[in-house]
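J.: The sequence shown begins at 12 in the working numbering and counts up one residue at a time.
Just passing along the structure, written as structure tokens.
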Amino acid sequence: MSGHSTPKPITAHRSGPLRGTAEVPGDKSISHRSLILGAMAVGETRIHGLLEGQDVLDTARAMQAFGAEVVQHAPGSWSVHGVGVGGFREPAQVIDCGNSGTGVRLIMGAMATSPITVTFTGDASLCKRPMGRVTDPLSLFGMQAHGRKGGRLPMTVIGAADPVPVRYAVPVPSAQVKSAVLLAGLNAPGETVVIEAEPTRDHSERMLVGFGADLQVERTAQGNVITLKGQPELRPQEVSVPRDPSSAAFPTCAALIVEGSEVFVPGVSQNLTRNGLYITLVEMGADITFENPREEGGEPVADLRVKASSLTGIEVPPERAASMIDEYPVLAVVAAYAEGRTVMRGVKELRVKESDRIEAMARGLEACGVRIEEDEDTLIVHGTGGRVPGGATVAVHLDHRIAMSFLVLGMAAQKPVTVDDGDAILTSFPIFGALMTSLGADIRAAE
12 MSGHSTPKPI TAHRSGPLRG TAEVPGDKSI SHRSLILGAM AVGETRIHGL
62 LEGQDVLDTA RAMQAFGAEV VQHAPGSWSV HGVGVGGFRE PAQVIDCGNS
112 GTGVRLIMGA MATSPITVTF TGDASLCKRP MGRVTDPLSL FGMQAHGRKG
162 GRLPMTVIGA ADPVPVRYAV PVPSAQVKSA VLLAGLNAPG ETVVIEAEPT
212 RDHSERMLVG FGADLQVERT AQGNVITLKG QPELRPQEVS VPRDPSSAAF
262 PTCAALIVEG SEVFVPGVSQ NLTRNGLYIT LVEMGADITF ENPREEGGEP
312 VADLRVKASS LTGIEVPPER AASMIDEYPV LAVVAAYAEG RTVMRGVKEL
362 RVKESDRIEA MARGLEACGV RIEEDEDTLI VHGTGGRVPG GATVAVHLDH
412 RIAMSFLVLG MAAQKPVTVD DGDAILTSFP IFGALMTSLG ADIRAAE
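Dropping the structure here:
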């Protein structure tokens, strides 16, 4: 995935009402973690509902390179025969993580406390992203990292031969950094402690406990204090991956803005560290009902029934950012169709994602006739009251969420909207086009 094929532009045309059931793929965050923890357990872990996007498949290949046996039995059904904590072998080849910042950062954490040397690379987008935010805390264990200027891939990582436990306060809310430190702490003696002032998605904590790690979370006035006892023997698990709330955001938001739509989205994760978008949409006036709440694979889930709605812009609380950081691009699309302005503050994390997502959304929305304001940490969208002109071709910068967001925008715009490369979507939501078309969207290769 480090190379990239010829761009394939896709155009979204104004659609009639969207109707039907949108069965979105499994959660990407949980899919990555199930493969990595399965590889660090002793015995066979079975995974059901694994997301088979390119990002997750790259992580599966990486776990094979580290010595685990990873087998697909049927679509979404996989097994991992793990090698145990500290059992990773040194890969014979470079580990290519494609477009996945989550994949590379979690894998670095998992191998950081084993005495092996690994070289990581990725596609053009991933090689632009800074890795210091994760290599800095991992170096406290004794790991060494040698990359390009600015701490970028390709990067060679030398795991600690004699790791020491770490106490680390995460300076900026980041589930990737927290998780990388916890994964490294598995093979360090004593207790590794992570302190986060603002809670971030807690899939790693839930899954570590499920796999048998001794992990405690203390909620204090300073935030969450997470303590992990090192060198456990992780037990293999049967993992059911809930449907991804970040992927579910696209059919949900499309149904809200396309007149006359009603879409059913079953089995979506309702983890409180991931559902900020849905809270925000309801505050904007979205007609969303949450049906049949239940638990699957240790995660709360519900079925969503979504109807086209008249929406009003709001100011999104900055403290909500950690629970919806990946959903701001598609929220900006919804905001373009709302009445009044929607203010998104505390979102500077978006500038170091697969692309600078504030910049990408701002320029694309402007090209489609929407007025925006931005600064380093803020995006403000002035809603059109449902009449977005559209008619632009938008650069997605190899970013799957930018591509899908502007295709959603085009489904209700006055003129078609084209993204310059639809292949970016394959990293996280390979069935996006087919699923949206099945609901009635008019998405096709650009002419």
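Each residue gets a CB set at the ideal place from its N, CA and C atoms; glycine is no exception.
As the structure is a prediction and not an experimental result, all values here were calculated from the model.
#1: For Gln-65, report the span of its beta strand (DSSP E) as first-last.
#2: Would Val-381 and Thr-395 be called neighbours here (beta carbons separated by less than 8 angstroms)?
#3: Within 10 angstroms of the Cβ of Leu-283, are there 16 or more other Cβ atoms? Answer buried if so, exposed if not.
#4: List the endpoints of the continuous alpha helix (DSSP H) containing Val-205.
#5: For the region 285 to 356, which segments carrying the beta strand (DSSP E) assignment without a break, of at least 3 residues, lie completely within its bounds, in sequence order?
#6: State the beta-bridge partners of Glu-387 as determined by DSSP.
#7: Quick check on Glu-216: does DSSP put it in helix, strand or coil?
#8: What does the alpha-carbon distance come out to for the pair Glu-249 and Glu-338?
#9: On the criterion of 16 or more Cβ atoms from any shown chain inside 10 Å, does Thr-32 qualify as buried, or is it exposed?
#10: Can you tell me where the alpha helix (DSSP H) holding Leu-418 begins and where it ends?
#11: By alpha-carbon positions, which one of Pro-28, Ala-259, Phe-99, Asp-66 ends up nearest to Ala-52?
#12: Under the three-state reduction of DSSP, which class applies to His-43: helix, strand or coil?
#13: Kindly provide the ranges of any alpha helix (DSSP H) runs that are 4 or more residues long and lie completely inside the region 133 to 200, ordered along the chain.
#14: Using only the alpha-carbon positions, how far apart do Leu-450 and Val-35 sit?
#15: Please determine, among Leu-315, Gly-278, Gly-309, Pro-277, the residue with the shortest C-alpha to C-alpha distance to Leu-292.
#16: Look up Gly-14 in the DSSP assignment and say whether it is helix, strand or coil.
#17: So Ala-346 and Val-392 are in contact, right, with Cβ under 8 angstroms, and what is the actual spacing, rounded?
#18: Roughly how many whole angstroms lie between the Cα atoms of Gly-201 and Phe-152?
#19: Quick check on Arg-246: does DSSP put it in helix, strand or coil?
#20: From the DSSP output, which residues share a beta bridge with Glu-229?
#21: In the structure shown, what three-state DSSP assignment does Pro-253 receive?
#22: Could you spell out the range, first to last residue, of the alpha helix (DSSP H) harbouring Ile-118?
#23: Determine whether the Cβ of Ser-90 lies closer than 8 angstroms to any Cβ atom of chain D.
#24: Could you spell out the range, first to last residue, of the beta strand (DSSP E) harbouring Thr-32?
#25: Does the separation of the CB atoms of Val-177 and Pro-210 fall below 8 angstroms?
#26: Who are the near neighbours of Val-205 in its chain, counting only those whose CB is closer than 7 angstroms to its CB and skipping five residues on each side?
#27: Could you have a look at Ala-224 and say whether DSSP puts it in helix, strand or coil?
#28: Reducing DSSP to helix, strand and coil, say where Thr-130 ends up.
#29: With a threshold of 16 other CB atoms inside 10 Å of the CB of Thr-146, please say whether the residue is buried or exposed.
#30: Run through DSSP, which three-state label would Gly-87 get?
T.: By the coordinates alone:
#1: Counting along the chain, no beta strand (DSSP E) covers Gln-65; the unbroken alpha helix (DSSP H) around it starts and ends at 65 to 76.
#2: It is a contact, given that the beta carbons lie within the stated cut-off.
#3: Exposed, because fewer than 16 other Cβ atoms sit within 10 Å of the Cβ of Leu-283.
#4: For Val-205, there is no enclosing alpha helix (DSSP H); the enclosing beta strand (DSSP E) covers residues 202 to 207.
#5: Counting whole runs of 3 or more residues, the region 285 to 356 contains the beta strand (DSSP E) stretches 298 to 307, 310 to 318, 352 to 356.
#6: According to DSSP, which records beta bridges pairwise, Glu-387 is partnered with nothing at all.
#7: Residue state, collapsed to three classes: helix.
#8: Glu-249 and Glu-338 have their C-alpha atoms some 29 angstroms from each other.
#9: Thr-32 comes out exposed.
#10: Leu-418 -> alpha helix (DSSP H) spans 411 to 421.
#11: Selected option, being the one with the closest Cα: Phe-99.
#12: Under the three-state reduction of DSSP, His-43 is assigned to helix.
#13: For the region 133 to 200, whole alpha helix (DSSP H) runs of length 4 or above, ordered along the chain, are 143 to 150, 186 to 196.
#14: In a straight line, the C-alpha of Leu-450 is about 12 angstroms away from that of Val-35.
#15: That would be Leu-315, whose Cα lies nearest to the Cα of Leu-292.
#16: Low local confidence applies: a pLDDT of 45 at Gly-14 is under 50, so the model's placement there is unreliable, with the coordinate-based value given in what follows. Coil, per DSSP.
#17: That pair is a contact at about 4 angstroms.
#18: Each residue's CA atom was taken as its position, placing Gly-201 and Phe-152 some 12 angstroms apart.
#19: If DSSP states are grouped into helix, strand and coil, Arg-246 belongs with coil.
#20: Bridge partners of Glu-229: Val-236.
#21: Looking at Pro-253 - three-state DSSP - the assignment turns out to be coil, as it is neither helix nor strand.
#22: First-last of the alpha helix (DSSP H) with Ile-118: 112 to 122.
#23: Chain labels in this structure do not include chain D; a single protein chain is all it has.
#24: Run containing Thr-32: 30 to 32, per the beta strand (DSSP E) assignment.
#25: Cβ distance not < 8 angstroms, so Val-177 and Pro-210 don't count as in contact.
#26: Closer than 7 angstroms at Cβ, skipping near neighbours: Tyr-179, Val-181, Lys-189, Val-192, Leu-193, Ile-237.
#27: Coil at Ala-224, not helix or strand.
#28: Shown here, Thr-130 sits in a strand according to DSSP, grouped into three states.
#29: Counting the other Cβ atoms within 10 Å of the Cβ of Thr-146 gives 16 or more, which makes it buried.
#30: Residue state, collapsed to three classes: coil.
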